[in-house]
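Residue numbers (my numbering): 437 to 755.
Each remark here refers to the structure printed beneath this line.
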Ligand SMILES: [Zn+2]
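Here it is as structure tokens:
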């Protein structure tokens, strides 16, 4: 039986409690479902970017709805990893230290709050997980098309299992990532097969988007054998892999006007969006560098130098 902070996990029970952040007075809400039957430990985290609310709501609802009697193994939900941002509608960062928690791994026991949260997640949760699903979305200023990241920096067998988890979501697009300092990417480096799901954004969501998000997660849990296959829901017919992703940032402060939106396909050379100054003078023209698809775009009109504008992927059909 795994141990999370001071919580007492019991077979056939759903338990909830607060996980104390190392060397800080912040506590994080955790709900765990311990199945009656043997099986893996699956970690599911949400709210690493606190205003990506659809991931938090997916975790809150699924963690209540899944029946411990029907689960093989244990599912540990960290419902909100960055509550300060969730309760203040703060995009991307942990308000206390202004850092991106998903760039703070591996954490530090005596670092700033982001580093302490990362340390706690790593030592209390990653360390006990056999598999890991991290729930994200476009932030308050972004929209994403539904897609799933899997780690491209880890042992071969960990990458392969992660790729299969990504496939099991049934989502249309998967992206192999070269990131190393995110929660899921660092967990993979530590040996835990992991994925990161992106769906929705803009600080809100519809019931339909939420149901789709829950379906993504349930599909993976079913593939892992944690819930019975009969609970697995319909999948997209095929999945494409992004072999090359380009993330374009703004070169100057100005007004961003995206021409192609998340989920839209484009051809090499197509205009994807522009940044203008206040007078209407173009400062930056973004063109497609390949035939591809828009993974996500910034929806905020006002941008600063260095802010993300648009992320594009080059695809090849796999199956
Ligand atoms: Zn995020």
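For glycine and all other residues, C-beta sits at the position ideal for the given N, C-alpha and C.
Since we're looking at a predicted model, the values are computed, not measured.
{"Query": "Helix, strand or coil at residue 456 [DSSP, three-state]", "Result": "strand"}
{"Query": "Proximity to residue 683 [Cα-Cα], best of 650, 750, 454 and 693", "Result": "750"}
{"Query": "Residue 446 CB to nearest heavy atom of ligand 3 below 6 Å", "Result": "Only ligand 1 can be found as ligands here, which leaves ligand 3 out of the picture."}
{"Query": "Sufficient close CB pairs (3 or more, under 8 Å) joining the region 609 to 617 to the region 556 to 567", "Result": "no"}
{"Query": "Proximal residues to residue 696 (C-beta, below 6 Å), its chain only, five neighbours per side dropped", "Result": "702, 708 and 730"}
{"Query": "Sub-7 Å separation of residue 622 and residue 542 beta-carbons", "Result": "yes"}
{"Query": "Residue 490, buried or exposed, once every other Cβ within 10 Å from all chains shown has been counted against 16", "Result": "buried"}
{"Query": "heavy atom of ligand 1 below 6 Å from residue 488 C-beta", "Result": "yes"}
{"Query": "Cross-strand partners of residue 610 (DSSP beta bridge)", "Result": "584 and 677"}
{"Query": "Proximity winner among 452, 635 and 604, relative to residue 661 (alpha-carbon distances)", "Result": "604"}
{"Query": "Neighbour-count burial assignment, residue 481, 16 or more Cβ in a 10 Å radius", "Result": "buried"}
{"Query": "DSSP state of residue 487 mapped onto helix, strand, coil", "Result": "coil"}
{"Query": "Rounded distance between the beta-carbons of residue 580 and residue 698, thought under 8 Å", "Result": "5 Å"}
{"Query": "Reduced DSSP category for residue 525 - H, G, I as helix; E, B as strand; rest coil", "Result": "coil"}
{"Query": "CB-CB length for residue 540 against residue 635, believed under 8 Å", "Result": "Actually they do not touch by this definition, with Cβ atoms about 23 Å apart."}
{"Query": "Own chain residues within Cβ distance below 7 Å of residue 498, not counting five before or after", "Result": "650 and 653"}
{"Query": "Residue 705, buried or exposed, once every other Cβ within 10 Å from all chains shown has been counted against 16", "Result": "exposed"}
{"Query": "DSSP beta-bridge partners of residue 683", "Result": "747"}
{"Query": "Coarse secondary structure for residue 518, derived from DSSP in three states", "Result": "coil"}
{"Query": "Nearest to residue 724 (by Cα), restricted to the options 712, 746, 735 and 711", "Result": "746"}
{"Query": "Residue 755 versus residue 726 - alpha carbon distance", "Result": "Bear in mind that the predicted position of residue 755 carries a pLDDT of just 43, short of 50, making it unreliable; the figure below should be weighed with that in mind. Going from the Cα of residue 755 to the Cα of residue 726 covers about 21 Å."}
{"Query": "Straight-line gap, residue 596 to residue 632 (C-alpha atoms, nearest Å)", "Result": "15 Å"}
{"Query": "Beta-bridge pairing of residue 572 - partner residues as DSSP gives them", "Result": "634"}
{"Query": "Length-filtered (3 minimum) beta strand (DSSP E) runs lying within the region 678 to 728", "Result": "690 to 694, 707 to 712 and 718 to 723"}
{"Query": "Meets three-Cβ-pair contact criterion under 8 Å: the region 518 to 529 and the region 470 to 487", "Result": "yes"}
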